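Last residue of the sequence shown? That's 529 in this note's numbering, and every number before it is there in order. Every residue, glycine too, gets a C-beta built ideally from N, C-alpha and C. Being a predicted model, the structure only gives us computed values, none of them experimental. The structure appears right after this line, and notes come after that.
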Amino acid sequence: LNVDLAHVEAYAKLAERIVGRMDVGRFAASFGSSTNTSAAGMRRLIAAMGKWLLRGPLNEREVDAYFAISNAVVKEGGDFNEAVRYIVEAMLQSPRFIYRIEEQVGAAKVKSVNPYELASRLSYIIWGASPDKALLAAADNGGLATRTGIEAQVKRMLSDSRTITQSSQFIDEWLDLGRLDHLRPNPKHFPKWNRQLAEDMRAETLAFFNEVVWVQKRPMADLFNAQLTFATPRLAQHYGLSPKGTTLAKYDLSNVASRGGLLTQGSVLTIGGDEASMVTRGLFVLHDVLRGHVEDPPPGLDTTPVPSSPGKSQRTIAEQRIKAQACGGCHSKFEPLAFGLEMYDGIGAFHEKDHHGNTLRQDGEILFPGTDKPVAYQSSAQLMNMLAGSDRVKETITWKVTQWAIGRPIVDADRPILDKIHRAAQDGGGTYTSLIKAIVMSDLVQKTRTEPTP
């Protein structure tokens with residue numbers, strides 16, 4: 076990766092701003108009581124601060140470099156606090172601070188990561204932050220040298236509230252919730268749309284995820300059919316629910332056939348755009364729920380969504396594409412996956428007829444990848460239950476969370492490890508915590524390749 080001068084200057088300004096807001100004397104005191112600017116005193120302080128800020132011990136060359144900063148400040152008449160200020164400012168611009176750098180040398184193709192690398196991997200996966208003092212202490216004293224020691228740290232970390240905050244990043248990225256910030260439906264078709272409704276939809280999904288995963292501690296697959304949601308009065312009215320309260324409130328959907336699960340929430344349904352495209356919705360279900368694959372359309376093909384019209388609903392248009400010789404081979408794999416969502420318009424409202432008066436349907440059939448025969452369903456609620464109970468969907472969740480956790484795409488060499496992760500997670504109940512524990516205890520996190528993955 077290349078870093079240009081603009082990046083360097085931006086990091087320098089940011090580091091200066093951060094240090095300017097710090098009480099550097101108090102910060103330094105947390106690593107020792109000495110304020111002596113002697114070589115021995117400053118080198119001890121540099122080693123201690125560096126180990127904390129750079130997430131592992133400094134080598135002699137690094138200590139020398141930071142001490143040179145201190146030495147220069149003192150020679151120019153600066154005091155202890157000023158020396159610390161410039162040292163911390165330099166550390167905040169260090170590649171070791173900005174990046175998670177790991178040792179990539181060794182004779183073996185795969186080797187165990189060292190304790191400090193493992194501490195960082197655990198903390199960034201579970202918390203999205205650098206290791207705390209207890210985790211660094213475990214790296215120091217051999218607490219991360221055994222499976223028992225690692226499991227003890229993982230158990231401690233999973234009970235920390237930072238785990239909940241970090242998990243919300245997964246659902247945010249998986250469903251691309253940031254997309255709602257830029258969504259601009261046609262105001263002629265959707266005059267009631269506004270930014271507040273978009274914010275409500277994002278808040279609904281995050282609160283729903285928190286309730287299912289953390290409050291009720293249910294399996295991750297239950298996200299597809301849990302009979303509850305959270306809505307503001309504005310969003311409740313949009314969904315046809317009786318509004319209650321003045322802010323985000325919990326709703327029981329046991330008797331609401333049209334709602335229940337992620338795919339019936341506006342944050343997901345808006346993926347289809349103004350026309351509630353079965354192409355876009357179907358591809359989302361295929362790729363992000365069923366882990367299926369379909370080839371990209373031929374170059375130059377017009378992929379502009381076909382608008383519905385009197386006598387032609389989106390389903391009718393989709394069925395025509397599926398029957399077409401040129402399109403059916405691919406479209407038959409994903410568009411039927413969206414048939415059960417036809418009654419939701421482009422912004423997630425439920426209708427029995429579209430704005431042209433076409434009668435809408437919610438029955439269809441789904442062909443799970445790897446199976447021979449499609450399975451029929453009569454309603455969106457039945458479809459949600461089928462997804463929640465599908466082994467394929469559960470495997471997809473494992474893949475999605477693992478890919479997000481390790482920060483790179485899954486490759487063929489990972490498949491055997493993924494299978495072990497999935498079995499361990501399901502044995503633990505299929506919950507978020509069981510899945511994260513299975514991931515961090517696997518070779519994908521415990522070991523590293525010393526040569527590029529093919």
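Under 6 Å Cβ to Cβ from Pro529, same chain only, skipping five residues before and after it: list those, please. Interpretation of Pro529 is limited by its pLDDT of 46, a score under 50 that renders its predicted location unreliable; the figure taken from the coordinates is listed afterwards. The answer is none, since no qualifying residue turns up.
At the level of alpha carbons, what is the spacing between Pro266 and Leu80? 46 Å
For the alpha helix (DSSP H) containing Tyr174, name the first residue and the last one. Premise fails: Tyr174 is in no alpha helix (DSSP H) and is neither H nor E.
Please classify Leu376: is it buried, with 16 or more other beta-carbons within 10 angstroms of its beta-carbon, or exposed? exposed
Please list the terminal residues of the continuous alpha helix (DSSP H) segment that includes Phe155. Phe155 to Met166
If you measure from the beta carbon of Arg92 to each beta carbon in chain C, is any gap under 9 Å? The chain inventory of the structure shown lacks chain C, comprising one protein chain alone.
Can you tell me whether DSSP reads Arg334 as helix, strand or coil? coil
Counting only the same chain and skipping the five closest in sequence on each side, list residues whose C-beta sits under 8 Å from that of Ala212. Gly218
Given a cut-off of 9 Å on the beta-carbon distance, is the pair Leu412 and Leu361 in contact? yes
Quick check on this structure: which residue in Val515, Ala85 and Thr506 has the alpha carbon closest to the alpha carbon of Asp297? Thr506
Span of the beta strand (DSSP E) holding Thr523? Lys522 to Arg524
DSSP three-state call for Glu350: helix, strand or coil? coil
Please go through the stretch 260-289 and give each complete alpha helix (DSSP H) segment of 4 or more residues, from N-terminal end onward. 270-285
If you draw a straight line from the C-alpha of Met276 to the C-alpha of Leu255, how long is it? 8 Å
In whole angstroms, give me the CA-to-CA distance for Asn460 and Gln400. 33 Å
Helix, strand or coil for Ser242 per DSSP? helix
Can you give me the start and stop residues for the beta strand (DSSP E) that Asp304 sits inside? Looking at the sequence itself, residue 304 is Thr, so the reference to Asp does not match. Thr304 -> beta strand (DSSP E) spans Leu303 to Ala306.
Beta-carbon proximity check, Phe106 vs Met117, cutoff 9 Å: no
From the DSSP output, which residues share a beta bridge with Phe425? Tyr419
For a test of your reading of the model: does the CB of Gly218 fall under 8 Å from any non-hydrogen atom of the ligand COA? Yes or no. In the structure shown, the ligand COA is absent, as is every other ligand, since no ligand is present at all.
Gly439 - DSSP class collapsed to helix/strand/coil: strand
I'd like to check one pair, Ser517 with Ile32: are the Cβ atoms closer than 9 Å? Residue 32 falls outside the range modelled here, since the chain spans only 76 to 529, and no answer is possible.
C-beta atoms of Leu458 and Gly439 nearer than 9 Å: yes
Buried or exposed: where does Asp429 fall if 16 or more other Cβ atoms within 10 Å of its Cβ makes it buried? buried
Assuming contact is defined by CB atoms lying nearer than 9 Å, are Arg309 and Gln340 in contact in what I supplied? no
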